[in-house]
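Here's the structure, in structure tokens; my notes come after.
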Amino acid sequence: MLKFNFEQRLKNTVNSFAKTKGLEEEISFMAEIPPKNINADLALNAAMVMAKKIKTNPRNVAVELIEIIKKEFSDIVQSAEIAGAGFINIHFTEDYLNKELNKILDKKENYAKQENINKDKIMVEFVSANPTGPLHIGHGRGAAIGDSLARILKHLGYNVVKEYYLNDVGNQMNVLGESTKTRYRQLKGEDIPFLDDGYKGEYIKDIAQALINEGKNFDDIDFKKESHTRILETIKKDLEQFKVSFDSWFSESKIAAEKDDAGKTQVDKVCEFLKEKDFAFEQEGALWLKSTLYGDDKDRVLRRTDGRYTYLASDVAYHKNKYEREFAQVINLWGADHHGYVPRIMAAIQMLGQKKEALKVILYQLVSLMRNGQPVAMSTRSGEFITLKEVIDEVGSDACRFSFLLRAPDSPLEFDLELAKKQTTENPVFYVQYVNARCQSILREYKDDTSSADLKLLSSKEERDLIKKLISFEDILLICDKTKSPHHLTTYLMETADIYHRFYEKCRVLGVDKELEKARIQLLKAVSIIITVGLSLLGVSAPEKM
RNA sequence: GUCUCCGUAGCUCAAUUGGAUAGAGCAACUGCCUUCUAAGCAGUAGGUUACGUGUUCAACUCACGUCGGAGACGCCA
């Protein structure tokens with residue numbers, strides 16, 4: 074449903090019309106921008122939906138509805154006619170378009186903020202990469218999607234918190250510490266073998282070398298802590314370079330290591346709770362979660378026979394903690410390789426008394442990285458991988474983020490390094506940024522006052538197309554919210570750029586009739602606002618000169 | 001074997017979540033700079049939306065099946 078600001082009015086009108094036809098229940102119809110080949114600003118399918126229910130010809134219904142709409146929406150609707158199988162095609166009045174255009178100019182960077190939006194707290198948890206190595210290209214996709222989604226939700230007016238969950242306890246941290254320690258001793262000249270399951274990346278050697286350079290006594294070094302701290306620093310630096318920021322860094326040690334007065338961690342307590350509620354049971358010395366109660370394939374282990382908790386146990390405790398912090402909705406971004414994990418965590422939150430809807434897991438397909446036509450392995454354990462930083466250094470943060478946001482999360486992403494290195498027209502980010510550069514170069518030249526501009530002069534097809542596109546910005550953001558995917562915004566910006574560049578060719582701004590010039594300057598300002606805000610929601614800059 | 005996602009132009013992807021004649025970019029070809037940035041614009045060409053059946057006024061979209069690709073299926077994280 075298109076969210077033009079008369080949406081509710083339109084619904085009311087259609088529904089009260091439906092009542093006169095004996096339809097009591099609300100009918101769900103669509104108001105949409107028709108395909109390009111259709112000459113109309115808005116298309117309604119209401120007549121077709123209703124006709125089906127009252128078993129009559131849609132065109133008869135449409136004729137009646139059109140008369141009502143024309144009468145009640147004379148401020149918005151210039152004309153309306155039947156088309157196709159029973160669509161009602163509407164043309165907007167100039168007044169309506171210009172009013173909306175003025176709204177953009179008034180509200181500027183706050184345009185499309187929603188007045189009456191739910192103020193409940195929303196958490197977007199993303200990246201959450203283990204601090205055992207630098208971020209790789211796959212983390213980059215999650216970072217771009219999560220950060221941009223959060224920016225869009227914030228812009229719409231939601232109360233959003235971006236959180237990074239730090240897995241800083243458990244066996245992997247021991248392995249990390251041992252890896253660094255072994256590299257340290259090797260660098261000191263000891264002839265000892267490296268660990269079979271150790272982290273083999275060069276960055277471990279770098280940390281070991283740094284520790285040697287700092288000249289501390291071997292016995293005084295806490296290898297685990299030093300490795301973890303230093304890796305976390307590089308992760309934070311990489312994210313900063315990628316323009317990704319977090320409101321909150323949540324450490325797993327808080328729930329898995331910190332103990333209360335009774336000597337219990339939050340993991341202990343959530344397991345006890347689940348056991349009391351009969352959602353968990355002991356069997357063969359292990360503690361199992363009855364996740365099958367909520368549709369999982371099999372029950373899952375929470376505590377191993379040897380008494381150690383599984384990753385799931387702390388994740389359940391972590392989610393309990395999220396809801397205790399009063400987040401009404403939690404959005405998790407996970408790599409698609411974690412999809413098998415979704416049913417058990419969904420089961421867990423329902424056992425904790427939450428509704429399914431309180432958790433939304435967005436799975437993004439992993440990035441397949443190509444180098445010289447060959448796929449590159451990306452495991453942090455194999456030691457051979459491409460870091461996010463390498464790619465950002467090569468292609469730039471803007472191009473990198475834009476590329477990640479070009480596609481739906483569900484769609485696999487092929488990131489060709491050789492192609493990404495080309496900073497040419499092949500990269501669509503320049504196409505969009507170029508719009509703002511072109512706007513600004515004209516605006517720099519123009520010095521007069523535009524306060525009395527008459528927007529009615531913007532009457533050519535190119536100008537009208539551009540205005541219509543600009544005022545659908547709000548609708549696009551709402552679609553991004555609804556689908557929890559920022560890629561619609563990316564597509565929108567490319568389409569807007571296309572329409573703008575056509576306008577630019579066809580309609581000269583400077584040096585035409587004074588009044589027309591004034592009006593077009595206003596239009597340029599609006600374009601610049603939408604492009605700048607739109608790009609900023611993607612975390613991409615909008616340079617004024619290129 | 002079970003589950004998840006994907007399959008759309010030569011390539012990479014869209015398609016406002018069920019709407020009208022499926023659209024962009026790249027690659028190919030033809031034009032357009034003494035005028036606000038040619039990182040641009042106009043045009044040509046490119047399609048049985050993997051395949052089949054079904055659901056309905058309407059299917060790339062939903063259901064079932066087949067084929068193909070990626071991934072997940074641990075008392076790993």
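Take the position in the first sequence, starting the count at 1, then add 73; the result is the number in this note's numbering. All C-beta atoms, glycine included, are put in the ideal place defined by N, C-alpha and C.
- Beta-bridge partners assigned by DSSP to lysine 433: Ile404.
- The shortest C-alpha to C-alpha distance from isoleucine 190 to any of Gly426, Arg381, Val233 and Ala510 is the one to Val233.
- Non-local C-beta neighbours of isoleucine 602 in its own chain, meaning closer than 8 angstroms and more than five positions away in sequence, comprise Ile177, Leu178, Lys181, Glu182 and Tyr184, ordered along the chain.
- A contact is defined here as three or more CB-CB pairs under 8 angstroms, and the stretch 190 to 199 fails this definition with respect to the stretch 518 to 529.
- Distance from the CA atom of glutamate 140 to the CA atom of leucine 597, rounded to whole angstroms, is 36 angstroms.
- Nearest to asparagine 394 by C-alpha distance, out of Gly413, Gly426, Gly380 and Leu375, is Gly426.
- In this structure, aspartate 466 and valine 502 do not form a Cβ contact; the two beta carbons are roughly 16 angstroms apart against a cut-off of 8 angstroms.
- Beta-bridge partners of glutamate 467 (DSSP): none assigned.
- For glycine 271, the closest alpha carbon among the candidates Ile265, Ala390, Gly288 and Leu249 is that of Leu249.
- At the C-beta level, alanine 390 and isoleucine 328 come within 8 angstroms of one another.
- Taking C-alpha positions only, asparagine 130 is separated from methionine 121 by approximately 8 angstroms.
- Per the coordinates, the alpha-carbon of glutamate 588 lies some 11 angstroms from the alpha-carbon of valine 582.
- Within the same chain, Tyr519 and Thr523 come within 6 angstroms of isoleucine 594 by CB-CB distance, once the 5 residues on both sides are set aside.
- When the alpha-carbon of threonine 564 is set against those of Ile549, Asn110 and Arg537, the nearest one is in Ile549.
- Distance between serine 89 and alanine 113, taken at the CA atoms: about 25 angstroms.
- Under the 8 angstroms Cβ criterion, the stretch 421 to 441 counts as touching the stretch 209 to 220, having at least three qualifying pairs.
- Take leucine 461, set aside five residues on each side of it, and the residues of its chain with a beta-carbon closer than 7 angstroms to its own are Leu208, His209, Ile210, His212, Gly213, Asp311 and Phe315, in chain order.
- The C-alpha of arginine 373 is placed about 26 angstroms away from the C-alpha of glutamate 236.
- With fewer than 16 other beta carbons inside 10 angstroms of its own, tryptophan 322 counts as exposed.
- The continuous alpha helix (DSSP H) containing glutamine 595 extends over residues 587 to 611.
- Of the candidates Asn85, Pro108 and Glu287, Asn85 places its Cα closest to the Cα of glutamate 98.
- DSSP places phenylalanine 503 inside the alpha helix (DSSP H), whose first and last residues are 501 to 518.
- In the DSSP assignment, the residues bridged to glutamine 356 are Ala359.
- Per DSSP, alanine 223 is one residue of the alpha helix (DSSP H) stretching across 210 to 229.
- Phenylalanine 400 has its alpha-carbon roughly 27 angstroms from the corresponding atom of alanine 335.
- Contact check for glutamate 535 and arginine 480: beta-carbon distance about 29 angstroms, past the 8 angstroms limit, so the pair fails to qualify.
- When beta bridges are read from the DSSP output, asparagine 232 appears opposite Lys194.
- Leucine 174 sits away from leucine 478, with the two beta carbons spaced by 8 angstroms or more.
- Restricting attention to Gly219, Asp586 and Gln282, the CA atom closest to the CA of phenylalanine 296 is found in Gln282.
- For the pair asparagine 162 and proline 107, the CB atoms are nearer than the 8 angstroms cut-off.
- Every unbroken stretch of the alpha helix (DSSP H) spanning 4 or more residues and falling wholly within the stretch 266 to 291 is given here in chain order: 275 to 286.
- A residue is called buried when at least 16 other Cβ atoms come within 10 angstroms of its Cβ; arginine 517 does not meet this threshold and is exposed.
- Spatial neighbours of lysine 579 in its own chain (CB-CB distance under 8 angstroms, excluding positions within 5 residues in sequence) are listed in chain order as Ser533 and Glu535.
- In its chain, beyond the 5 residues on either side, Thr86 have a beta carbon closer than 7 angstroms to the beta carbon of glutamate 145.
- Listed in chain order, the alpha helix (DSSP H) elements of length 4 or more contained wholly in the stretch 305 to 357 are 325 to 329 and 339 to 349.
- In this structure, methionine 424 keeps its C-beta atom at 8 angstroms or more from the C-beta atom of phenylalanine 475.
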